[in-house]
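Structure below.
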C-alpha cells in the first residue's frame, strides 16, 4: 500500500475524532509528541494509545448533547490545522461552545506531533 497523502491522513483523523469511525492507528507514528498551551511541558504517547484515546473522546458527565464540530481543516506541507468547536449543554445552562485549534505534524506519511490551543475560560463548562 502506498503512503497516504496529508489530506487522506486528515480525513482519517477527523473520521476518528469527530465522525465515530473508530481508532485509526495506521495514521500515527510509533510515538507521538503531544503539547497543549495549557500544559506546555507536553508528553509523548504511544501512537496506538493516542489513536484509541482520540476515538474514545472524553465527553463530560451530565452533558448528553456533547459533540465536536469541525469548523475548518487545512493541509500544509508539514501536516494540517484543524479548527474545532466543542459544544454541549451543561445541566442548568444554555448551550455552550468552546473553540480549539489543533496543529498536527505529519512526517513520512504518519502523525508525529499534535498541538492543541484552547481558551481555558471557554472550556470550563466541559471539565
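In the numbering used here, the protein residues as written are 793 to 919.
We put the beta carbon where it would ideally sit given N, CA and C, even for glycine.
The three-state secondary structure of residue 798, taken from DSSP, is helix. Distance from the CA atom of residue 868 to the CA atom of residue 912, rounded to whole angstroms, is 27 Å. Assignment of residue 817 by DSSP, reduced to helix, strand and coil, places it in the helix class. Nearest Cα to residue 836 within the set 906, 892, 856, 873: 906.
Per DSSP, the continuous beta strand (DSSP E) segment holding residue 891 begins and ends at 888–899. By the neighbour-count criterion, in which a residue is buried when 16 or more other Cβ atoms sit within 10 angstroms of its Cβ, residue 848 is exposed. For residue 839, the enclosing alpha helix (DSSP H) covers residues 839–848. For residue 913, there is no enclosing beta strand (DSSP E); the residue is part of the alpha helix (DSSP H) that begins and ends at 912–915. Around the Cβ of residue 862, a 10 Å sphere holds fewer than 16 other Cβ atoms; the residue is exposed.
Here the alpha carbon of residue 811 sits roughly 14 Å from the alpha carbon of residue 850. In the DSSP assignment, residue 880 is bridged to 888.
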